[in-house]
Amino acid sequence: MSTVANVIRRGHYADSVALMRVSRGVAALAGVEAASLMIGTPSNKSLLRESGLLAKAGEGARPDDLVIAVRAKSAAAASAALEEAGRLLEARPSRATDGFPRARGFAAAAAALPEANLALISVPGAFAAAEARRALESGLHVMMFSDNVPLADEVALKRLALSKGLLMMGPDCGTSIIGGAPLAFANAVPRGDIGILSASGTGLQEVSSLLARAGRGVSQAIGVGGRDLKDEVGGLMSLAALDALEADPATRHIVIISKPPSAKVAAKLLGRLGRSRKPATVCLLGARGAKLPRNARFAPTLLAAAEQAAGRRLRAPRTAAVAPSKGWIRGLFCGGTLCAEAQLVLQEAGLEVRSNAPVPGAKASGGKAAGHVLLDLGDDEHTQGRPHPMIDPELRNQMLGEALADPRVGVVLLDVVIGYGAHADPAGL
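Heads up, this note's numbering is the position in the sequence shown plus 4, with the first residue counted as 1.
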């Protein structure tokens, strides 16, 4: 009979990627059936419970605690696994060998790279705003990869950035390409004359990669964070990014990408776009009826956006014929924009769609609902205390197994997103 054992470390913080590595190291030990290290948020405890890894001790974990959970073939193996987890957590990381200095705080990093003009911030959401404020006050542009940041903090940081003539990209900014340098989940694409403004990380990745396939390149690709075009934020950074692309002599065509935006904020952004001297392609998913200025064309999909900006059609890859199938559709997406786009495509086909991140017209629902359900597994609810699924596909793999075993599911939709920072072989796990 298996033994489940938990240890709680009160008030212990560790980076989610580090926790993933320790979890895998412990799970590989002899006699260990499964292991996971997670911050004790309600959603994470629910995942541990569903995986058969949550013991009575773990139920008492608080959101700022670390839960070390193992299931082993014997009590002795469980005890040894917990001991090894503790040892791995305490082990100091190896020294950097890539030529870059290792710093343990903003002040040390700024001193080590005094010529830097941009700070990339990836810390838990509760601490991200303070770090971003330090960087902005020091005159640095900021790209904030961190999610789970309060909206009020986002608005305050963006207003501070604007007052200093700086960019505040994010929170939850997954991708940017600045001066040819790919940041966070970006791809290696050629330089060119197409500038991208994106409130979507995977949307930016998709379009920039398709442009490369079409033989075109990117001048600048400015991510603004997935909430920038919401009413609460008002497009503060989108307007600033549009001004930057307008002023950039290397940018001759502008592409705007977003998940379904606020109609009011979209109108403000399009009004500003109409004063631009440059042609533009607008891919505001779900905003087909938006009134566009004369210098802009609407693209209903990411593929259409890339083709319009590139000025050529892309040949679709050949795929094997798929036989018609009855049953529900399950969408398990790492990319929120890819999830939103799929919802819109299915709605146009006349299907009723549910999602944890519903587009207009779709119904809000979790992963256990009946019917056609498309899940954004990179949404904040799934990334508290655990890596984004593009870094660690473990959660999606678990859900994929459940979907494939469910006789009611006829089709499973997946995205496979690669790039810097992403898992090296997400399709091979």
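Cβ atoms here follow ideal geometry from the backbone N, Cα and C, with glycine treated the same way.
Open item on the list: According to DSSP, simplified to helix, strand and coil, what is V363?
Closed with: By 1-based counting over the sequence shown, the position of residue 363 is 359. Of the three classes helix, strand and coil, the one that applies to V363 here is coil, per DSSP.
TODO: Would you be able to state if there are at least three C-beta pairs under 8 Å between the segment 328-344 and the segment 378-395?
DONE: The segment 328-344 and the segment 378-395 touch, with three or more beta-carbon pairs separated by less than 8 Å.
TODO: Pull up the distance between the alpha-carbon of L418 and that of G335, whole angstroms please.
DONE: In the sequence shown, residue 418 corresponds to position 414, counting from 1. In the sequence shown, residue 335 corresponds to position 331, counting from 1. Taking the straight line joining both Cα atoms gives about 6 Å.
Open item on the list: Taking 7 Å as the limit between beta carbons, can you name the residues of its chain near S167, skipping five residues before and five after?
Closed with: Indexing the sequence shown from 1 puts residue 167 at position 163. Once the five neighbours on either side are set aside, S167 has no close Cβ partner at all.
- [ ] Please state whether DSSP places E40 in a helix, a strand or coil.
- [x] By 1-based counting over the sequence shown, the position of residue 40 is 36. The sequence shown places Ser at residue 40, not Glu. The answer is strand: DSSP assigns S40 an E or B state.
Task: Start-to-end residues for the beta strand (DSSP E) that takes in T179 - done: Working through the sequence shown from its first residue, we reach residue 179 at position 175. Element bounds for T179: T179 to I182.
Open item on the list: With three or more beta-carbon pairs closer than 8 Å as the criterion, would you say the segment 158-174 touches the segment 204-218?
Closed with: Judged by Cβ distances under 8 Å, the segment 158-174 makes no contact with the segment 204-218, as fewer than three pairs qualify.
- [ ] Determine the contact status of G331 and R358, defining contact as a CB-CB distance below 7 Å.
- [x] As a working mapping, residue 331 is identified with position 327 in the sequence shown. As a working mapping, residue 358 is identified with position 354 in the sequence shown. No. Outside cutoff.
Open item on the list: I'd like to check one pair, A218 with R316: are the Cβ atoms closer than 7 Å?
Closed with: On the sequence shown, position 312 is the one that residue 316 refers to. On the sequence shown, position 214 is the one that residue 218 refers to. The Cβ-Cβ distance between R316 and A218 falls below 7 Å.
- [ ] Could you check the C-alpha separation between R53 and L348 for me, to the nearest Å?
- [x] In the sequence shown, the residue the question calls residue 53 occupies position 49. In the sequence shown, the residue the question calls residue 348 occupies position 344. Roughly 34 Å separates the two Cα atoms.
Open item on the list: Whole angstroms are fine: how far does the CA of A291 sit from the CA of A41?
Closed with: Counting from 1 along the sequence shown, the entry for residue 41 is found at position 37. Counting from 1 along the sequence shown, the entry for residue 291 is found at position 287. According to the sequence provided, residue 41 is Leu. The question's Ala does not apply to it. When the Cα atoms are used, L41 and A291 turn out to be separated by approximately 41 Å.
TODO: Would you give the residue range spanned by the alpha helix (DSSP H) that C343 belongs to?
DONE: Locating residue 343 in the sequence shown gives position 339, counting from the first residue. Run containing C343: G340 to E352, per the alpha helix (DSSP H) assignment.
Task: K263 versus Q402: straight-line alpha-carbon distance, rounded - done: For this step, residue 263 is matched to residue 259 along the sequence shown. For this step, residue 402 is matched to residue 398 along the sequence shown. Spanning the two alpha carbons is a distance of roughly 27 Å.
Task: Delimiting residues of the alpha helix (DSSP H) encompassing Q224 - done: Here residue 224 corresponds to residue number 220 of the sequence shown, with the count starting at 1. According to the DSSP assignment, Q224 belongs to no alpha helix (DSSP H) but to the beta strand (DSSP E) extending over V222 to G227.
TODO: Indicate whether L147 and S126 have their beta-carbon atoms separated by less than 7 Å.
DONE: Residue numbering aside, residue 147 sits at position 143 when the sequence shown is read from its first letter. Residue numbering aside, residue 126 sits at position 122 when the sequence shown is read from its first letter. Residue identity differs from the one stated: residue 147 is Met in this sequence, not Leu. S126 is positioned such that its CB atom lies no closer than 7 Å to that of M147.
- [ ] Tell me where the alpha helix (DSSP H) around F131 begins and ends.
- [x] Within the sequence shown, numbered from 1, the residue matching residue 131 stands at position 127. Here the alpha helix (DSSP H) through F131 covers G129 to E141.
Task: Chain-order list of residues whose beta-carbon lies under 8 Å from that of T318 (same chain, five-residue window excluded) - done: Locating residue 318 in the sequence shown gives position 314, where the first residue counts as 1. Per the sequence presented here, residue 318 reads as Leu, with Thr not at that position. L214, R217, A218, L307, A310 and E311, listed in sequence order.
Task: Burial state of P118 (16 or more Cβ within 10 Å) - done: In the sequence shown, counting from the first residue as 1, residue 118 sits at position 114. Exposed, because fewer than 16 other Cβ atoms sit within 10 Å of the Cβ of P118.
TODO: Rank A428, P67 and V36 by C-alpha distance to the C-alpha of T45 and give the top, closest one.
DONE: Working through the sequence shown from its first residue, we reach residue 45 at position 41. Per the Cα distances, P67.
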